[in-house]
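Asks: Okay, handing you the structure first.
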Amino acid sequence: MLTGMTEDQRNEFLERITATTIANQAILKCSISGFPLTADNVVAFVGDFLDPENPNLQELIEKIGYAIDEVLDCQGQAMRLAR
Numbered sequence: 001m002l003t004g005m006t007e008d009q010r011n012e013f014l015e016r017i018t019a020t021t022i023a024n025q026a027i028l029k030c031s032i033s034g035f036p037l038t039a040d041n042v043v044a045f046v047g048d049f050l051d052p053e054n055p056n057l058q059e060l061i062e063k064i065g066y067a068i069d070e071v072l073d074c075q076g077q078a079m080r081l082a083r
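Per UniProt numbering, the sequence shown starts with residue 1, numbered consecutively.
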């Protein structure tokens with residue numbers, strides 16, 4: 001799996017996939033719950049998937065924040081283009 005990558009590259013890749021997956025799930029839960037899709041609202045749902053107070057998860061939580069921002073930026077761009 002993931003041949004041609006160093007162990008560090010594989011770990012970074014898997015962390016990115018994990019962060020994106022959690023971000024997407026939090027976005028989905030936020031949307032289904034009827035909350036406006038804002039970064040603050042979505043971040044509130046991240047706690048359903050992991051403990052944001054756990055100091056060992058801070059790097060992952062930061063990556064989740066970046067993934068949330070990327071998705072919301074894409075949504076904003078799509079809305080602007082649709083006008």
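In this text, a Cβ means the ideal position worked out from N, Cα and C, and glycines have one as well.
In this structure, how does DSSP classify Ser31 when only helix, strand and coil are distinguished?
Replies: The sequence position of residue 31 within the sequence shown is 31, counting from 1. Of the three classes helix, strand and coil, the one that applies to Ser31 here is helix, per DSSP.
Asks: For my contact list, Lys63 and Arg16 are in at a C-beta cut-off of 8 Å; report their separation, rounded to the angstrom.
Replies: By 1-based counting over the sequence shown, the position of residue 63 is 63. By 1-based counting over the sequence shown, the position of residue 16 is 16. Indeed they touch by this definition, with Cβ atoms about 7 Å apart.
Asks: Could you round the C-beta distance between Ala67 and Thr38 to whole angstroms and report it? I think they count as a contact, below 8 Å.
Replies: Position 67 of the sequence shown, counted from the start, is the residue given in the question as residue 67. Position 38 of the sequence shown, counted from the start, is the residue given in the question as residue 38. At roughly 15 Å, the Cβ-Cβ gap does not stay under 8 Å, so Ala67 and Thr38 are not in contact.
Asks: If I'm right that Leu57 touches Asp51 with Cβ under 8 Å, what's the distance once you round it to whole angstroms?
Replies: For the purposes of this step, residue 57 is taken as residue 57 along the sequence shown, with counting starting at 1. For the purposes of this step, residue 51 is taken as residue 51 along the sequence shown, with counting starting at 1. Confirmed, about 7 Å.
Asks: Identify whether Arg80 lies in helix, strand or coil by the three-state DSSP scheme.
Replies: On the sequence shown, position 80 is the one that residue 80 refers to. Arg80 falls in the helix class under three-state DSSP.
Asks: Going by beta carbon distance, what residues of the same chain come within less than 8 Å of Phe49, once the five residues before and after it are set aside?
Replies: In the sequence shown, the residue the question calls residue 49 occupies position 49. For Phe49, where only same-chain residues beyond five positions count, the Cβ hits under 8 Å are Ile22, Gln25 and Ala26.
Asks: Quick one: what does DSSP say Leu2 is sitting in, helix, strand or coil?
Replies: As a working note, residue 2 is residue 2 in the sequence shown. Here Leu2 sits in coil by DSSP.
Asks: Give a yes or no on whether 9 Å exceeds the smallest Cβ distance from Gln75 to chain B.
Replies: Here there is only one protein chain, and chain B is not present.
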